[in-house]
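Below: one structure, written as structure tokens.
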Amino acid sequence: MSSNVDKKNEESDVCAVDFAFRRIGGKYKGRILWHLNRHNILRYGELKKEMNNITTKMLTQTLRQLEQDELINRKVYHQVPPKVEYSLTEIGYELIPFVHYLENWGKKQLENKNQ
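Each step along the sequence shown adds one to the number in the UniProt record's numbering, with nothing skipped, and position 17 is 17.
Shown next as structure tokens:
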């Protein structure tokens, strides 16, 4: 019986890992979170400049996904021209220590690769 409980706990742990990586996985999500943490608030054009190799379509899709996952806020100002600002939510801020950890890990791996 206890092996069934252990197996169920192991499966729920894997599901939690999968859930987390579905939210932050992808080519640009981590970088967007990192830039929003550095600048606190960014407008769409500012974010696009920070991420110079992303297409408009991909940036828009990724921002929508992050907003749906409640990792970023999107604040629309009803004015001409339209103004939209992006910032991290409380949940988004919870991820920042992990983003920093991954940044440091990536730097270390790049250094090892270049030696």
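Beta carbons: idealized from backbone N, C-alpha and C, even for Gly. These numbers were taken from a predicted model, which means no experiment stands behind them.
Less than 8 Å between the CB atoms is what I'm expecting for Ile91 and Asn37, so what's the real figure, rounded?
About 13 Å; that fails the 8 Å criterion.
Find the nearest neighbour of Lys75 within the set Gly26, Tyr44, Gly25 and Asn112, judged by alpha-carbon distance.
Tyr44
Using the Cα positions of Lys57 and Asn73, report the straight-line distance between them to the nearest angstrom.
19 Å
Which residues in the same chain as Leu66 place their Cβ atom closer than 8 Å to its Cβ, once the five residues preceding and following it in sequence are excluded?
Around Leu66: Lys29, Ile32, Leu33, Ile72 and Gly92.
How would you write the range of the beta strand (DSSP E) that Val84 sits in, first residue to last?
Lys83 to Leu88
Give every residue of the same chain whose Cβ lies closer than 6 Å to the Cβ of Ile41, excluding the five residues on either side of it in the sequence, and list them in chain order.
Listed in chain order, the non-local C-beta contacts of Ile41 below 6 Å within the same chain comprise Glu85 and Ser87, local neighbours out to five positions each way being set aside.
Output the distance between the C-alpha atoms of Gln48 and Phe98, rounded to the nearest integer angstrom.
As written in the sequence, residue 48 is Lys, which differs from the Gln given in the question. Taking the straight line joining both Cα atoms gives about 23 Å.
Given a cut-off of 8 Å on the beta-carbon distance, is the pair Met51 and Leu63 in contact?
No, these two residues do not count as a Cβ contact at 8 Å.
Going by CA-CA distance only, name the one from Lys27, Tyr77, Glu111 and Asn114 that's closest to Asn53.
Lys27
Taking only the alpha-carbon atoms, compute the straight-line gap between Lys107 and Val80 and give it to the nearest angstrom.
For Lys107 and Val80, the gap between their C-alpha atoms comes out near 43 Å.
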